[in-house]
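> Numbering (this note's numbering), first residue to last: 236 to 426. Quick one: this structure, given as structure tokens, is what I'll be asking you about.
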Amino acid sequence: MERSDQIIEELLQETQPAPRRGFSLGSVVLIIGFVLVAIVVGMQLARQNQTQPTDGPAPDFSLTTFTGDSFRLSEQRGKVVVINFWASWCGPCRDEAPILQSVWERYRDQGVVLMGVAYLDSDQDSRAFIDEFGITYPNGPDRGTRISETYRIQGVPETFVVDQNGQIVEFIIAPVQPGQLDTILDRILRS
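And the structure:
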């Protein structure tokens, strides 16, 4: 019996496949897939780390408003400046438009400047939006998205509040709510 057990054992060893070296096609595809996902996730995380300037000096910019006036942020020193990035196709921007107009009417004589920056919008649609909501505060187009890129806009609406010294002191990444800017502006104007 011992000899037959030995023969069976030898036969079993011969029928077992030899260990494979290298990767199967499926393994290679799976590894490449994981690497690509890791690269995409890494790029997204890197982009998220390039956050908006939410404090510190406000990046300077200039634009020509829809009424033909020139605006340069650095020329507004001594005033509080509210910079609102918006678009006519943006639903939340439509919600906040009357609120911003109301803030402008209350604070424009107190050293506050409100500047609307139209983001990825046509002049015609922007002007129609301004007319529809009776907006009287200055607004201008962001030609080539250069201002939006400087402020690293992720979407609209986004609002930055710059104090009298040119420092960003507040950042709102949602539609402005009733009373929200009043609280911020009152605090800055009192200090």
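Note that beta-carbon positions come from the ideal geometry of N, C-alpha and C, so glycine has one too.
(1) If I measure Cβ to Cβ from D360 and keep anything under 6 Å in the same chain, skipping five residues before and after, which residues do I get?
(2) Whether or not the stretch 364-378 and the stretch 323-338 are in contact is what I'm after, with contact meaning three or more pairs of Cβ atoms, one per stretch, closer than 8 Å; do they touch?
(3) Which residues does DSSP pair with N319 in a beta bridge?
(4) Which class does P292 belong to by DSSP, given the choice of helix, strand or coil?
(5) First and last residue of the beta strand (DSSP E) that includes E384?
(6) Applying the criterion that 16 or more other CB atoms from any shown protein chain within 10 Å of the CB defines a buried residue, is Y386 buried or exposed?
(7) Consult DSSP for V338 and reduce its assignment to one of helix, strand or coil.
(8) Output the distance between the C-alpha atoms of N374 and D290, rounded to the nearest integer angstrom.
(9) Which of the three DSSP states, helix, strand or coil, is assigned to R238?
(10) Rounding to the nearest angstrom, what Cα-Cα distance links D304 and D377 in this structure?
(11) Given this structure, state the Cα-to-Cα distance separating Q283 from R425, to the nearest angstrom.
(12) Roughly how far, in whole angstroms, is the beta-carbon of Y342 from the beta-carbon of L420, given that I think they are within contact range, below 8 Å?
(13) Let me know the secondary structure DSSP gives F364 once reduced to three states.
(14) Exposed or buried, what is S297 when buried is set at 16 or more other beta-carbons lying within 10 Å of its beta-carbon?
In short:
(1) S323
(2) yes
(3) G351 and T394
(4) strand
(5) E384 -> not in any beta strand (DSSP E); alpha helix (DSSP H) instead, spanning R381 to T385.
(6) Around the beta carbon of Y386, 16 or more other beta carbons sit within 10 angstroms, so the residue counts as buried.
(7) DSSP places V338 in helix when its eight states are reduced to three.
(8) 23 Å
(9) helix
(10) 14 Å
(11) Low per-residue confidence applies at Q283: pLDDT is 48, beneath 50, and the placement is therefore not dependable, though the value from the model is reported in the following sentence. Answer to the nearest angstrom: the Cα atoms are 34 Å apart.
(12) 6 Å
(13) helix
(14) So S297 ends up on the exposed side.
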